[in-house]
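Visitor: Have a look at this one before I ask anything.
2 protein chains.
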Amino acid sequence: MRSEGALIERWRSLLTSYNEVAGHLERALQERHGLTLSEFEILDRLSAQDCEKRRMQDLAADMYLSQSALSRAVARLEKHGLVARALCEADRRGVFVNLTDDGLARHTDARRTHLTILAEHLRPA
Amino acid sequence: MRSEGALIERWRSLLTSYNEVAGHLERALQERHGLTLSEFEILDRLSAQDCEKRRMQDLAADMYLSQSALSRAVARLEKHGLVARALCEADRRGVFVNLTDDGLARHTDARRTHLTILAEHLRPA
DNA sequence: ATGCACTAGATTTGCTTGCATTTAATGCAG
DNA sequence: CTGCATTAAATGCAAGCAAATCTAGTGCAT
């Protein structure tokens, strides 16, 4: 295969971009809003969905986090009052996660930082 | 800004690709060669450089790892006999890292896996 | 209704990481 | 030579993560 070199190069570049951007994001979100990148991503998803796709597993499904990591992250968010868990009456194994007002506000703030950092550090492809 | 949407989309796609590929790589390298992705990256760099850029700090410089993480990763590799540390006589604070024969062999094997996984999971841009 | 397989989440465990600190070597100023 | 700032790498520590395990709810078959 001739494409090996190109393949590795693309991977390296992906790795570099990712770490560069993720690093800055992580630091900025933590510093200015007390949020982990994972936590922000959760808030982001919760604020985006209009429909009822708010069960843990639905979140887990379109995130890169493991189920256990998600569970922890949601627990943290809940402890800080940004999110509330609610039992699902239909299937009581399930848990709905909802943004609180504080959570929404926090997300709105953090979103600006998020965009700023992306604009600064995400290379034009 | 109109480009906000596009920016976020690109970030999401980066995030997704990265996690997809890194996840598979991590698992495959671990399973088949007992290596962390970070560890593989270290071996990869060591095998690539012909010149003497093998001091810890040089490695750290072109990697995404923090100095402490690198120190620990090299310690692990050393414990498994894939790498050897050598004092730098010129500046005795410095430490050179070298591949052992085993390390070279391991890298050669792992490299195939690496390429295979990339070919399978790294989307064409 | 009872037993069993299955699913949703929580929790336990062990590992890697980053930050902050520490130890040791340099090297420059007095 | 002594003291002080600087640099290289190692280490203590806290936090996040994934994998495996555990707990509880569901629902189907007998």
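Line by line, the protein sequences are chains A and B.
First residue of the first sequence: 0, per numbering that gives the first Met the number 0; consecutive thereafter.
First residue of the second sequence: 0, per numbering that gives the first Met the number 0; consecutive thereafter.
By construction, the Cβ of each residue, glycine as well, lies at the ideal position given by its N, Cα and C atoms.
1) Spell out a yes or no on whether the segment 80-91 of chain A and the segment 100-107 of chain A are touching, meaning 3 or more CB-CB pairs, one atom from each, closer than 8 Å.
2) Grouping DSSP H, G and I as helix and E and B as strand, with all else coil, what is Leu98/A?
3) Taking Cβ positions only, does Glu3/B come closer than 8 Å to chain A?
4) What residue ranges within the segment 54-80 of chain A form continuous alpha helix (DSSP H) runs of no fewer than 4 residues, ordered along the chain?
5) Am I right that Leu36/B and Ala21/B are in contact with their C-beta atoms under 8 Å? What's the rounded C-beta distance?
6) Which value, in whole angstroms, describes the spacing of the CA atoms of Ala72/A and Glu38/A?
7) Pull the bridge partners of Val20/B from the DSSP assignment, please.
8) Quick one: is Ser12/A buried, meaning 16 or more other Cβ sit within 10 Å of its Cβ, or exposed?
9) Excluding the five sequence neighbours on either side, which residues of its own chain have a C-beta within less than 6 Å of the C-beta of Leu45/B, listed in chain order?
10) Apply the 10 Å Cβ neighbour rule to Ala74/B and answer buried if 16 or more other Cβ atoms are within range, or exposed otherwise.
11) Taking Cβ positions, are Leu64/B and Met55/B nearer each other than 8 Å?
Guide: On the basis of the supplied data:
1) yes
2) strand
3) yes
4) 55-60, 66-78
5) 6 Å
6) 6 Å
7) Looking at the DSSP assignment, Val20/B forms no beta bridge with any residue, so it has no partner.
8) exposed
9) Leu98
10) exposed
11) no
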